[in-house]
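Residue numbers (this note's numbering): 1 to 216. These notes concern the structure reproduced below.
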Amino acid sequence: MTEANQRLREFALQAEDLATAKERNRLAREIHDGLGHYLTTIHMQIQAASAVSANDQKRAKTILTKAQNLTQEALADVRHSVAALRLPVDGHQTLAEMIRGLLEGARNAGIEPELIIHGEERNLNPQTRWTLYRAAQEGISNACIHAKASHLWITLDYSQADSVTLDVEDNGIGPGEYKEGFGLLGLKERVSSVGGEVEIGPSKQGGFAFDIKVPA
């Protein structure tokens, strides 16, 4: 009986360790996907302002103002992420509206983005919407930092009744020229948690692309 109790205690400790590690990984994904995205965009905007400051101070000031505004958005995103760790995400914005906000930041960072929607947009459960939103963030950050792209295409496809797909592609460096980092690993974990799949490969323009399909 004593040996059985000891085994139960060991199993309980192992289960607690696994739960703690899972929560740490979840928190790490939130920090990387949210704050990491904003810091990437702000960094690129500051670089752009520095590049034009000598010849065009007015434009440099405009870029810095946008970067400053993004710091406020980053703080709001951190608060949103903390809340999302405790409760299911809810909100009135559609996924397309959320992504359009991200694309504006990409445009300010020097990338020409385009959002393409197939089918009629429909409501998604909060976890699925948040997963696809974070995926779009990762695609934009990847295009800015790793791929060094000038163009970015994000496609939302609602044409299938039982699923939604999100495709992100750029015209920068292809997937074979750099290692898969924490962001893409976290992306796969997020998508898997909602029963979806991720495919990563070269884009039609020779850059980087990933395709995500999740149940709707």
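Built from N, CA and C at the ideal position, the CB exists for glycine as well.
>> So, for residue 141: in the same chain, excluding its five sequence neighbours on each side, which residues have a beta-carbon less than 6 Å away from its beta-carbon?
In response: Locating residue 141 in the sequence shown gives position 141, where the first residue counts as 1. These residues qualify, in order along the chain: 37, 40.
> Where residue 57 and residue 73 are concerned, what is the direct C-alpha to C-alpha distance, given to the nearest angstrom?
Replying inline: For this step, residue 57 is matched to residue 57 along the sequence shown. For this step, residue 73 is matched to residue 73 along the sequence shown. Answer to the nearest angstrom: the Cα atoms are 24 Å apart.
> If you draw a straight line from the C-alpha of residue 47 to the C-alpha of residue 211, how long is it?
Replying inline: Counted from its first residue, the sequence shown places residue 47 at position 47. Counted from its first residue, the sequence shown places residue 211 at position 211. Rounded to whole angstroms, residue 47 to residue 211 spans 30 Å at the Cα level.
> For residue 159, is the classification buried or exposed, using 16 other Cβ atoms within 10 angstroms of its Cβ as the cut-off for buried?
Replying inline: Here residue 159 refers to the residue found at position 159 of the sequence shown. Exposed: under 16 other Cβ atoms inside 10 Å.
> In chain order, what residues of the same chain lie with their CB nearer than 6 Å to the CB of residue 114, ignoring the 5 residues before and after it?
Replying inline: To locate residue 114, count along the sequence shown from 1; it is residue 114. Result list for residue 114: 153, in chain order.
> From residue 187 to residue 111, what does the alpha carbon distance come to, in whole angstroms?
Replying inline: Taking the first residue of the sequence shown as 1, we reach residue 187 at position 187. Taking the first residue of the sequence shown as 1, we reach residue 111 at position 111. Residue 187 and residue 111: Cα-Cα distance of roughly 22 Å.
> Across which residues does DSSP place residue 166 in a beta bridge pair?
Replying inline: Here residue 166 corresponds to residue number 166 of the sequence shown, with the count starting at 1. 156, 212.
>> Tell me the residue span of the alpha helix (DSSP H) that contains residue 138.
In response: Reading the sequence shown from its first residue, position 138 is the one you call residue 138. Per DSSP, residue 138 belongs to the alpha helix (DSSP H) from 126-145.
> Could you give the distance in angstroms between the alpha-carbon of residue 192 and the alpha-carbon of residue 108?
Replying inline: Sequence index remark: in the sequence shown, residue 192 carries index 192 (1-based). Sequence index remark: in the sequence shown, residue 108 carries index 108 (1-based). Rounded to whole angstroms, residue 192 to residue 108 spans 32 Å at the Cα level.
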